[in-house]
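Notes to accompany the following structure.
In this note's numbering, the protein residues as written are 7 to 125.
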């Protein structure tokens, strides 16, 4: 599992997601503001995967449902084998939004979702 540091910024950090149908996928991300790890335990974070051809939402992850905060400033993103086996092999994109307890909403990162494997 790889870990990236995401610094709060004006625009989402581009981070592609590459999945293989039927496999799990994990990524851990440290969330920092001004170099300081942020307490995200009281905040809402969501990840939405959208089919770029149809505009339909393929998957939504929320805290406790694919997203978790195991320690200060650390966000764990977890796709299950059941989720990836049902993903279409089509052009998709995602966006991860951070809704802070102070009312601030930020798109932390976004990018393409590539799915490979047998249909």
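Using N, Cα and C, we set each Cβ at its ideal position, and we do this for glycine too.
Assuming residue 66 and residue 54 are in contact, meaning their beta carbons sit under 8 Å apart, how far apart are those beta carbons, in whole angstroms? 5 Å
Apply the 10 Å Cβ neighbour rule to residue 59 and answer buried if 16 or more other Cβ atoms are within range, or exposed otherwise. exposed
So, for residue 107: in the same chain, excluding its five sequence neighbours on each side, which residues have a beta-carbon less than 6 Å away from its beta-carbon? 48, 49
Which residue or residues does DSSP assign as beta-bridge partners of residue 24? 120
Pairing CB atoms from the segment 14-34 with CB atoms from the segment 106-123, are three or more of them under 8 Å? yes
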